[in-house]
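Taking it in order: structure first as structure tokens, then the write-up.
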Amino acid sequence: MREIKAHPLGFFMFLSPVWLITIVPFARRLLSFRYGTIFLAGFVAALVLLSVLRARAVSIAVLGDMLVFKKGLLFKSEEFLPISSLASITSRQNPILSLCRAEVINIESEAENAAKSIKILLRRRDFERILEQLNFQREKKSIRMGAGRITLMTAAISSAAVGVFVLVPTANRIGRLLDFSLAGRVLTSVRSGALFSSAFAVLLALFLFFYAVSFVFLLIRNISMRIGLSNETIYIAAGVFPRRKCFFKKRMIAGIFIEQRPLIRFSRRYIIRVTLPSGGKSGGESGVVVPIAKKGEVAPFLKNIFGVARPESVIGAKAGRFRFVRWRLLLLCFAPTPLLFAVQFPAYAEALCLLVLFLAVSLIYGLSIGFLAPKITALSRSGDHLFAAGVKGFTVRELFCRRERAGAFKLRRYPADIRAGSCILAVKSCCKNDGTIKVKYIDYSAAREYCRAFWKNQ
Amino acid sequence: MFRLTEKTLIIWRIRLFAVFCPLILAAAYLCLYSFLFLAAAGILLAAFLFLLCFYLPRYMAEYKIEHGEGYIHISSGVFIKTERILSSDRIISVSLRGGPLLRLLSCRSLCFFSVRFRCFLPPLPKETAEKLKNLLGGDGVARD
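Quick mapping for you: the protein sequence lines, in order, are chains E and W. Here the first sequence stands for residues 9 to 466, where the numbers follow my numbering. Here the second sequence stands for residues 863 to 1006, where the numbers follow my numbering.
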């Protein structure tokens, strides 16, 4: 196969926004000098020319069972990636790229180092050619996920923390560009009481604002989701601005998580999250979230797509319900403590009452999950897959993980566990971004034998 | 099965002494200025004696490394017992390390890396460390 050059617009990938933020304040001062305009124009032209030349030096080719990626202008490099080690191929396309028939491609390998991943801007026809060469063909038939499901899933996975990570860096960059301190203006308004009358209202408003930002960001990212399936490949397309498509091989899947978060739980639905070993550091996908409807749809989906099923016999919880809920009960007893401060500081009584109410509701919900935990907790095998189920906070999680993608097991026994003959087993997949599932209070000797047998050479 | 030896206990005790003694002496000196430091010195001394005479010997006795068919099982802990079980076939790298103190006592410290897991084993006699290294990584593994 001949070498494929990057799209001519690829030079934009080398014009980092950092340059823009650095140049603009410098440019303002430079323009005040006599030949400042000429110098500035020359500098910008040199920057653009360098980016164009660097973009022209980027190419990709498939040679036998290797993917060859070349880049570099003065310091040239050639990367050789075995096709068998490719974890995922992700493409992103915003409206401008769509008009130019170009896509930003991220090819992730199993290696955890971002340097071993590939990022390139390709023409659409070249991308289709690469997909064909790498056996990542897209199936023409695909399932479309409804907007209602996507919205519910987005509401469940959104969080204020995501909103902070999305908005704050962008706002800071824009502020520096415009020589405008957004954070300073907001703080001044808060202190003067122009916006809010109490600290609690400020915190609540900020929480809701960042949650809304996260919700909108993730909704734009996930809306209009399509899933295509073949014997070997899974294809997921989602998002509007930009539109992203992810292709990955089923054998590369690190972990299959079935989760039920609080909001999803109320609607009796589940989310399936599939993770890949690469970790997605270079901008490629580390995993995909698939909204699934009701309980009855999960088992057929797992069977038909991934070839796994929930096992019949499991190692279940050895402890009673009280052990699962004792710490939450203790916290619930201490939840009214802030009310004591309300007597001392009557000005904050309203805020403290709301805080106690919030804590009490959260803990009562946590207790209800804790009471169900003994039935949910499970450890077993499904063919060549590890199966583990447990409760973490307010989320119920199940994990299917292939033997070669599983991480080390960790058994922990506290004094109460040693007396009761139980243990807490932490299991995880090889994907860096995956969390750990803790299977709590299962029989110690059964768990130990399970872990040893799991790793035994076949 | 591999267990820790008296040499490991000696090394731990020397390290403990090196960490706690300056702190206790500093607290004792500062007692001249404030009574609170007397309490701090007392707490540090009690912790030091507890670790030296009770915790470290028990920890050494509880620490086990088992190598079975395809797995490595590492057990440790005195009050809270922790066990790590991982596949011995998926160990990516193994390294032997030895500072001046370890080399003086003919010991080496072994550490190995697997998928999302790394383990730093306590100091072991040199022969035991070499044997364990060969079991985990085989010959030809890079040595630090």
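The C-beta atom is built at its ideal place from N, Cα and C for all residues, glycine as well. If you're wondering where the values come from, they're calculated on a predicted model, not measured in any experiment.
Just to confirm before moving on: does the CB-CB distance between residue i and residue j stay below 8 Å?
{"i": "E/Phe-237", "j": "E/Phe-256", "result": "The residue you asked about is not Phe; residue 237 of chain E is Leu in the sequence shown. Not in contact: E/Leu-237 and E/Phe-256 (Cβ atoms no closer than 8 Å)."}
{"i": "E/Phe-314", "j": "E/Lys-258", "result": "yes"}
{"i": "E/Leu-407", "j": "E/Phe-417", "result": "no"}
{"i": "E/Ala-245", "j": "E/Ile-128", "result": "no"}
{"i": "W/Phe-916", "j": "W/Ile-886", "result": "no"}
{"i": "E/Ser-150", "j": "E/Ile-235", "result": "yes"}
{"i": "E/Phe-225", "j": "E/Val-172", "result": "no"}
{"i": "E/Leu-363", "j": "E/Arg-336", "result": "no"}
{"i": "W/Phe-975", "j": "W/Ser-950", "result": "no"}
{"i": "W/Arg-970", "j": "W/Leu-918", "result": "no"}
{"i": "E/Arg-413", "j": "E/Asp-392", "result": "no"}
{"i": "E/Ser-67", "j": "E/Ile-12", "result": "yes"}
{"i": "E/Tyr-452", "j": "E/Arg-420", "result": "no"}
{"i": "E/Phe-215", "j": "E/Pro-103", "result": "no"}
{"i": "W/Leu-866", "j": "W/Met-922", "result": "yes"}
{"i": "E/Ala-390", "j": "E/Ser-321", "result": "Looking at the sequence provided, one finds Ser at residue 390 of chain E rather than Ala. It is not a contact, given that the beta carbons lie outside the stated cut-off."}
{"i": "E/Phe-265", "j": "E/Arg-318", "result": "no"}
{"i": "E/Ile-115", "j": "E/Leu-130", "result": "no"}
Relative to the alpha-carbon of residue i, which residue among the options has its alpha-carbon at the smallest distance?
{"i": "E/Arg-229", "options": "E/Cys-254, E/Ile-450, E/Leu-107 and E/Ala-428", "result": "E/Cys-254"}
{"i": "E/Cys-431", "options": "E/Lys-464, E/Gly-324, E/Ala-414 and E/Leu-371", "result": "E/Gly-324"}
{"i": "E/Cys-459", "options": "W/Ile-934, W/Lys-993 and W/Gly-961", "result": "W/Ile-934"}
{"i": "E/Glu-87", "options": "E/Lys-303, E/Ala-69, E/Glu-140 and E/Pro-103", "result": "E/Ala-69"}
{"i": "E/Ile-6", "options": "E/Val-176, E/Thr-159, E/Leu-160 and E/Ser-96", "result": "Only positions 9 to 466 of chain E appear in this structure, which leaves residue 6 of chain E out of reach."}
{"i": "E/Lys-302", "options": "E/Gln-141, E/Phe-349, E/Gln-352 and E/Arg-157", "result": "E/Arg-157"}
{"i": "W/Ile-927", "options": "W/Leu-914, W/Phe-912 and W/Leu-948", "result": "W/Leu-948"}
{"i": "W/Thr-870", "options": "W/Leu-967, W/Val-881 and W/Lys-993", "result": "W/Leu-967"}
{"i": "E/Ser-232", "options": "E/Thr-241, E/Arg-152 and E/Leu-58", "result": "E/Arg-152"}
{"i": "E/Met-161", "options": "E/Asn-114, E/Phe-51 and E/Phe-223", "result": "E/Phe-223"}
{"i": "E/Cys-341", "options": "E/Arg-318, E/Ile-372 and E/Asn-114", "result": "E/Ile-372"}
{"i": "E/Ala-326", "options": "E/Gly-429, E/Pro-308, E/Val-306 and E/Val-404", "result": "Here residue 326 of chain E is Lys; the residue named in the question, Ala, does not match the sequence. Looking at the Cα atoms, E/Gly-429 is the closest of the given residues."}
{"i": "W/Glu-868", "options": "W/Pro-987, W/Leu-997 and W/Leu-998", "result": "W/Pro-987"}
{"i": "E/Arg-133", "options": "E/Ile-126, E/Ser-117, E/Val-112 and E/Ser-125", "result": "E/Val-112"}
Residue i by DSSP, collapsed to three states: which one?
{"i": "W/Phe-982", "result": "strand"}
{"i": "E/Asp-451", "result": "strand"}
{"i": "W/Ile-954", "result": "coil"}
{"i": "E/Gly-44", "result": "helix"}
{"i": "E/Thr-345", "result": "coil"}
{"i": "W/Glu-868", "result": "helix"}
{"i": "E/Ile-261", "result": "coil"}
{"i": "W/Ala-841", "result": "Because chain W is modelled from 863 through 1006, residue 841 of chain W falls outside the range shown and cannot be assessed."}
{"i": "E/Cys-459", "result": "helix"}
{"i": "E/Val-306", "result": "helix"}
{"i": "E/Glu-267", "result": "strand"}
{"i": "E/Ile-231", "result": "coil"}
{"i": "E/Cys-108", "result": "coil"}
{"i": "W/Arg-970", "result": "strand"}
{"i": "E/Ser-93", "result": "helix"}
{"i": "E/Val-369", "result": "helix"}
{"i": "E/Cys-361", "result": "helix"}
{"i": "E/Pro-382", "result": "helix"}
{"i": "W/Ile-886", "result": "helix"}
{"i": "E/Tyr-243", "result": "strand"}
Measuring straight from C-alpha to C-alpha, what distance separates residue i and residue j?
{"i": "E/Ala-357", "j": "E/Arg-100", "result": "50 Å"}
{"i": "E/Leu-81", "j": "E/Leu-105", "result": "24 Å"}
{"i": "E/Pro-177", "j": "E/Val-170", "result": "12 Å"}
{"i": "E/Ile-272", "j": "E/Gly-154", "result": "15 Å"}
{"i": "E/Leu-48", "j": "W/Val-977", "result": "50 Å"}
{"i": "W/Phe-912", "j": "W/Leu-878", "result": "11 Å"}
{"i": "E/Ala-164", "j": "E/Ala-220", "result": "12 Å"}
{"i": "E/Gly-328", "j": "E/Ser-92", "result": "47 Å"}
{"i": "W/Phe-979", "j": "E/Gly-415", "result": "7 Å"}
{"i": "E/Pro-90", "j": "E/Gly-72", "result": "9 Å"}
{"i": "W/Cys-893", "j": "W/Ala-902", "result": "9 Å"}
{"i": "E/Ile-242", "j": "W/Glu-945", "result": "37 Å"}
{"i": "E/Phe-2", "j": "E/Ala-110", "result": "Nothing in the structure corresponds to residue 2 of chain E, since chain E is present only between 9 and 466."}
{"i": "E/Ser-3", "j": "W/Gly-961", "result": "The structure shown does not extend to residue 3 of chain E, since chain E is modelled only from 9 through 466, so no value can be given for it."}
{"i": "E/Pro-423", "j": "W/His-929", "result": "26 Å"}
{"i": "W/Phe-872", "j": "E/Leu-347", "result": "Residue identity check: residue 872 of chain W is Ile in the sequence provided, not Phe. Spanning the two alpha carbons is a distance of roughly 53 Å."}
{"i": "W/Arg-965", "j": "W/Leu-958", "result": "12 Å"}
{"i": "E/Ala-461", "j": "W/Gly-904", "result": "49 Å"}
message: With three or more C-beta pairs closer than 8 Å as the rule, is the region 395-405 of chain E touching the region 442-456 of chain E?
response: yes
field: Three CB pairs or more closer than 8 Å across the region 15-23 of chain E and the region 57-66 of chain E
entry: Segments in contact, yes.
The region 67-85 of chain E / the region 37-51 of chain E touching (three or more Cβ pairs under 8 Å): no
query: For the region 343-352 of chain E against the region 266-285 of chain E, are there 3 or more C-beta pairs whose distance is under 8 Å?
result: no
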